[in-house]
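Numbering (this note's numbering), first residue to last: 138 to 409.
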């Protein structure tokens, strides 16, 4: 589909996490250029402001189309504050793009919340954010979540007894576990969601995959396509770029979905 034939997204409100660089920034740009109101999230207020300034200067995006938020996903209290601000200011949200991510560090690292950092930043923070934004996403029919996942989820297993991987840590295994969890989470029935592998892109995560990749803009195009209401989606579907394919078997197992929900609720403090 060429840019000249893309449908307008005017009137749509989309939140993109990790929108200050890479695929997130390019997705925000493409969404805004198609008329959407885009809620930009960055780790800090300065980073988010800088990304917004680049969008306005380079793409002709209007300041009025953008809303700026910041939260460090390594701190769950910041995620809660962020979600509260979004719901208060945007009680109706059409799409949430769970994109923010990091490569697991070489050394085993635990956040102040007690979670392995990649599992928290890549999955648990998005789990908590999605749960807290559910009222905005379901205020009208049609709200959807797009999880930016990875083909590496196929190599992963969730260590249920040791999700922090304290006993046996590998940065690649920790990253893959976070991507499997994010892919499984798309099958949660509370909000219609899909996950997408945007291809191997030339971003900060490239060293996990290969020596070279396609542009972040190309990868973002696969994400933005799933934000378009003209593209019909089925809850739990997984896309490898534009093609809908079967994810790892665990990603659609009801038992795994329930087990992951129970674990995530425990780790983010949502237990009764």
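Ideal Cβ placement from N, Cα and C applies to all residues, glycine included.
What you are looking at is a predicted structure, and each value in this text was computed from that prediction instead of being measured.
Nonlocal neighbours in the same chain, by C-beta distance under 6 Å from residue i, ignoring five residues either side
i, result
"residue 370", "331"
"residue 294", "none"
"residue 281", "232, 329"
"residue 306", "245"
"residue 138", "Low confidence applies to residue 138: its pLDDT is 43, below 50, so where it sits in the model is not reliable enough to give any reading."
"residue 147", "172"
"residue 316", "286, 287, 289, 290"
Beta-carbon contacts of residue i that lie in its chain and below 8 Å, excluding the five residues immediately before and after
i, result
"residue 153", "161, 164, 165, 168, 175, 176, 177, 178, 234, 236"
"residue 212", "248, 249, 250"
"residue 252", "261, 300, 301, 404"
Presumed contact (8 Å Cβ cut-off) between residue i and residue j, rounded CB distance
i, j, result
"residue 333", "residue 360", "6 Å"
"residue 173", "residue 149", "5 Å"
"residue 364", "residue 198", "Their Cβ separation, rounded to whole angstroms, is 16 Å, which puts residue 364 and residue 198 out of contact at 8 Å."
One or two residues paired with residue i in a DSSP bridge
i, result
"residue 419", "Examination of residue 419 is not possible in this model, given that the chain is present from 138 through 409 alone."
"residue 376", "333, 381"
"residue 253", "247"
Close Cβ partners of residue i (< 7 Å) along its chain, the five nearest in sequence each way excluded
i, result
"residue 409", "Summary for residue 409: the model assigns pLDDT 46, below 50, so the residue's position carries little reliability; its value from the coordinates is reported in the next sentence. Excluding residues within five positions, none has a Cβ falling inside 7 Å."
"residue 243", "308"
"residue 270", "220, 223, 224, 230, 233"
"residue 216", "208, 210, 262, 265, 266"
"residue 368", "362"
"residue 205", "177, 185, 186, 189"
Min CB distance residue i to chain C below 7 Å
i, result
"residue 199", "Given the protein chain composition of this structure (a single chain), no chain C is represented."
### Task
Would you be able to state if there are at least three C-beta pairs under 8 Å between the stretch 309-329 and the stretch 349-358?
no
#### Entry: Entirely enclosed beta strand (DSSP E) segments - the stretch 297-338, minimum 3 residues
330-334
#### Entry: Sufficient close CB pairs (3 or more, under 8 Å) joining the stretch 266-285 to the stretch 208-224
yes
#### Entry: alpha helix (DSSP H) runs contained entirely in the stretch 182-230, provided each spans 4 or more residues
182-196, 213-226
### Task
Enumerate, from N- to C-terminal direction, the unbroken alpha helix (DSSP H) stretches of 4 or more residues contained entirely within the stretch 151-184.
159-170
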